[in-house]
Amino acid sequence: MKSFKDIVIDKDKDQHLYIQLYKEIKNMILRGQLGEEDRLPPVRKMANLLAVNNITVVKAYEILEQEGLVYKKIGSGTFISKEYIKDFIDRRPSQLYKEIEYQTVTVGQSRVKIDENMINFASGTPSAELFPIDEFKEVLNEVLDRDKGFAFDYQEGKGYYPLRQILVEYIKHYGIYADAENIQVISGAQQGIDIISKALLNYGDYVFVESPSYTGAMAAFHSRGARMIDIPLQQDGLDLKTLEKKIRLYHPKLIYLMPNFQNPTGISYSMEKKEGLLKLCKEEGVYIVEDDYLSELNFNDENNITLKALDLHQQVIYVKSFSKIFMPGLRLGFLVIPSIFNENLLIAKHATDISTSGLLQRAFELYLRRGIWQQHLLYMEGKYQERFKTMVKAIEKYLSKDVGVNIPSGGVNFWFKLPKGFSAIELHSRAETENIALAPGSLFFINNKDDGYFRLSIASVNQSQIEAGIKRLSRIIDEYLDNQAPKRKEPIIKPIL
Numbered sequence: 016m017k018s019f020k021d022i023v024i025d026k027d028k029d030q031h032l033y034i035q036l037y038k039e040i041k042n043m044i045l046r047g048q049l050g051e052e053d054r055l056p057p058v059r060k061m062a063n064l065l066a067v068n069n070i071t072v073v074k075a076y077e078i079l080e081q082e083g084l085v086y087k088k089i090g091s092g093t094f095i096s097k098e099y100i101k102d103f104i105d106r107r108p109s110q111l112y113k114e115i116e117y118q119t120v121t122v123g124q125s126r127v128k129i130d131e132n133m134i135n136f137a138s139g140t141p142s143a144e145l146f147p148i149d150e151f152k153e154v155l156n157e158v159l160d161r162d163k164g165f166a167f168d169y170q171e172g173k174g175y176y177p178l179r180q181i182l183v184e185y186i187k188h189y190g191i192y193a194d195a196e197n198i199q200v201i202s203g204a205q206q207g208i209d210i211i212s213k214a215l216l217n218y219g220d221y222v223f224v225e226s227p228s229y230t231g232a233m234a235a236f237h238s239r240g241a242r243m244i245d246i247p248l249q250q251d252g253l254d255l256k257t258l259e260k261k262i263r264l265y266h267p268k269l270i271y272l273m274p275n276f277q278n279p280t281g282i283s284y285s286m287e288k289k290e291g292l293l294k295l296c297k298e299e300g301v302y303i304v305e306d307d308y309l310s311e312l313n314f315n316d317e318n319n320i321t322l323k324a325l326d327l328h329q330q331v332i333y334v335k336s337f338s339k340i341f342m343p344g345l346r347l348g349f350l351v352i353p354s355i356f357n358e359n360l361l362i363a364k365h366a367t368d369i370s371t372s373g374l375l376q377r378a379f380e381l382y383l384r385r386g387i388w389q390q391h392l393l394y395m396e397g398k399y400q401e402r403f404k405t406m407v408k409a410i411e412k413y414l415s416k417d418v419g420v421n422i423p424s425g426g427v428n429f430w431f432k433l434p435k436g437f438s439a440i441e442l443h444s445r446a447e448t449e450n451i452a453l454a455p456g457s458l459f460f461i462n463n464k465d466d467g468y469f470r471l472s473i474a475s476v477n478q479s480q481i482e483a484g485i486k487r488l489s490r491i492i493d494e495y496l497d498n499q500a501p502k503r504k505e506p507i508i509k510p511i512l
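Start counting the sequence shown at 16; every next residue gets the next number (my numbering).
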């Protein structure tokens, strides 16, 4: 075993000493130089050994604990986590890590390439032709001319302060009021969920998720060793009676949800459900992680107010990404955090990537301040409303009434249900052979059940592709059902959850 005396802390580096110590110990664990149940030196002894102060060691140990690498025994010390070592050594491809990606679809253990001829209903990524390249290039060049090399400096861990200031003003338009100190800039929503998990969850903690739910969030919770409990979705949101019973049974640390245009189902919570959820969680002392997926793409829902806008008691951690309707490769978003969690989330962010790209933050601050972002939102809303109308018409025109469908009031996702006994994974395979990509519903359930659900997204398909794709997919479905579906081409547009 490597001696702790061999740890090198360079006080001349720009990097904080506690981050250096955290990384050194983490590397020892990952290289097998520290094994399960090995004890780390007491804080004072480690500080003396490395000639640093006690706070440096305490902060390093805290980050290791947040990541599940170590755990504390009161009165005994800090030990390497047995669960983490087992998970690291025995890690297998998990069903929870399956994801839908641009140009690939993962089903079972295989990843299917989406070629240029495929109609891609699987991806939630916007079409490249919608990216605001010219406008963003202008602000990017302006920042480089203005800030020179400073544009590439590390930013404050919480984010570029002028960006946080303009975000405070931006979220007021959505009824959310916060100080700049409660804004945490992140490199996309997935990172936001990940650092929330690192900061607030320990091995064995319970997290509640919607059923079905977003696979990226489930993967983040799984990586922390959290135990997930799924709560069934109804047509207007979570089943609050089931939620109340399970809260009292399991006492979860967090509830993760998407109350507007949920992924994958596209449903939105009613105001009654939103208010009831906040009331219940306040009474039970449970925090909510609200992933505001695509509330801007609102076509006909008057009640798509966020939970955070209704949050009077600092119960909601709000996650917002700009990537989905901006440019996905430019990972950028923000959290609105209850003050009690500010420090823990900042430490988790710093341990993840120190800070989000300074150049990107400075450019986007200018993009927001000039009002270009709002213009882009209006453009995207118009484009997606056209696709939405085309999708609804194509479903009504071509899809057999034996297939159930939820028509959302905004966003990009449509949720379907095959008749009982038919498999969406089998449908995916059949559709793939005819250059149609879809997302089987099994990807979005904790137990990966294949109950015939599947998701189609209009994010990456234009209007002509939607028309042709739904027509072709409807024929494939009819053939799969072996001509048992009635010939009348009227789908069941009713609740199917």
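Beta carbons are placed, not taken as given, at the ideal position from N, Cα and C, and that holds for glycine.
From the options, residue whose alpha carbon lies closest to that of residue i
| i | options | result |
| --- | --- | --- |
| V407 | H443, E225, Q478 and K20 | Q478 |
| G139 | E411, D162, S338 and Y495 | S338 |
| A234 | Q250, K213, I246 and Q249 | K213 |
| A483 | Y413, T448 and R445 | Y413 |
| Y185 | A409, G386 and R470 | G386 |
| I492 | D466, S438 and I461 | S438 |
| L55 | I210, Q206 and K20 | K20 |
| E144 | Y169, R490 and A474 | A474 |
| L293 | L255, K261 and L312 | L255 |
| L471 | G397, S457, L453 and K88 | L453 |
| D149 | F341, F349, I410 and I369 | F341 |
| M395 | E358, I191 and S310 | S310 |
| E196 | G425, T405, R46 and F349 | F349 |
| P343 | P141, L45, I40 and R46 | P141 |
| A62 | I208, I22 and G50 | I22 |
| S424 | G281, T448 and I410 | G281 |
| L215 | L360, K60 and R59 | L360 |
| F151 | F236, L383 and E447 | L383 |
| D245 | N463, K26, S18 and E494 | N463 |
| R161 | M273, L381 and R59 | L381 |
Sequence-distant residues of its chain with Cβ nearer than 6 Å to residue i (five each side left out)
| i | result |
| --- | --- |
| A366 | I78 |
| K486 | Y413 |
| Q400 | F314 |
| D307 | T321 and K335 |
| K288 | D251 and G252 |
| A378 | V154, L155 and V158 |
| Q480 | I134 |
| Y271 | V224, A232 and V304 |
| V427 | S472, I473 and A474 |
| R242 | Y221 |
Same chain only: Cβ atoms within 7 Å of residue i, ignoring 5 sequence neighbours per side
| i | result |
| --- | --- |
| Y33 | T71, K74 and A75 |
| R503 | No answer about R503 holds up, because its pLDDT of 42 lies below 50 and its placement is not dependable. |
| I24 | L32, Q35, L36, L65 and V67 |
| F167 | G373 and L374 |
| K101 | In this prediction, K101 scores a pLDDT of 49, lower than 50, which makes its location untrustworthy; no coordinate-derived value is stated. |
| I376 | Sequence inspection shows Gln at residue 376; the Ile mentioned does not correspond to that position. Within the same chain, Q376 has close Cβ partners Q170, G174, Y175, L178 and V200. |
| N42 | none |
| K524 | In this structure the chain extends from 16 to 512, so residue 524 is not present and cannot be described. |
| V301 | I262, P267 and I270 |
Supposed close pair residue i, residue j - CB separation, criterion 8 Å
| i | j | result |
| --- | --- | --- |
| K187 | R179 | Rounded, the Cβ-Cβ distance is 14 Å, inconsistent with contact. |
| L345 | T371 | That belief does not hold up - the Cβ atoms of L345 and T371 are roughly 10 Å apart, past 8 Å. |
| F459 | P227 | 3 Å |
| I303 | Q330 | 6 Å |
| Y229 | N278 | 5 Å |
| A193 | V351 | 5 Å |
| E290 | L327 | Contact flag wrong, Cβ pair sits at about 11 Å. |
| I369 | P353 | Not a contact, Cβ separation roughly 23 Å. |
| Y364 | I208 | Before going further, note that residue 364 is Lys rather than Tyr in the sequence given. Going by Cβ atoms, the distance from K364 to I208 rounds to 12 Å, so no, they are not a contact pair. |
| F469 | L442 | 6 Å |
| E259 | L295 | 6 Å |
Cβ-based neighbour list, residue i, same chain, cut-off 8 Å, excluding 5 preceding and 5 following
| i | result |
| --- | --- |
| S285 | D251, G252 and N318 |
| Y86 | E80, T93, F94, S96, N217 and Y218 |
| I451 | M133, I134, F136, G484, R487, L488 and I491 |
| V476 | I134, N135, F136, S142, R402 and G484 |
Near the ligand MN: residue i beta-carbon under 7 Å from a heavy atom
| i | result |
| --- | --- |
| L442 | Summarising the ligand content, the structure contains no ligands, and the ligand MN is consequently not present. |
Next item on the list: Count the C-beta pairs between the segment 217 to 232 and the segment 261 to 269 that are closer than 8 Å, then say yes if the count reaches three, no if not.
Entry: yes
Margin query: Does the segment 432 to 440 come into contact with the segment 407 to 420, if we say contact requires no fewer than three beta-carbon pairs (one atom in each stretch) closer than 8 Å?
Written below: yes
Notebook entry, point to check: Which runs of the beta strand (DSSP E) fall wholly inside the segment 414 to 475 and span at least 3 residues, in chain order?
Noted result: 419 to 421, 428 to 432 and 468 to 472
Next item on the list: Ignoring anything shorter than 3 residues or poking outside the segment 219 to 257, list the beta strand (DSSP E) runs there in chain order.
Entry: 221 to 226 and 242 to 249
Notebook entry, point to check: Between the segment 385 to 404 and the segment 191 to 210, are three or more C-beta pairs nearer than 8 Å?
Noted result: no
Next item on the list: Identify every run of the beta strand (DSSP E) within the segment 24 to 103, keeping only runs that are complete inside it and at least 3 residues long; order them along the chain.
Entry: 85 to 88 and 92 to 95
Checklist line | Whole runs of the alpha helix (DSSP H) within the segment 287 to 327, excluding any shorter than 4 residues | finding: 322 to 325
Next item on the list: Could you tell me which uninterrupted beta strand (DSSP E) segments, each at least 3 residues in length, are contained entirely in the segment 123 to 179, listed from first to last along the chain?
Entry: 125 to 128
Check: Fully enclosed by the segment 368 to 414, which alpha helix (DSSP H) runs are 4 residues long or longer?
Finding: 373 to 384 and 387 to 413
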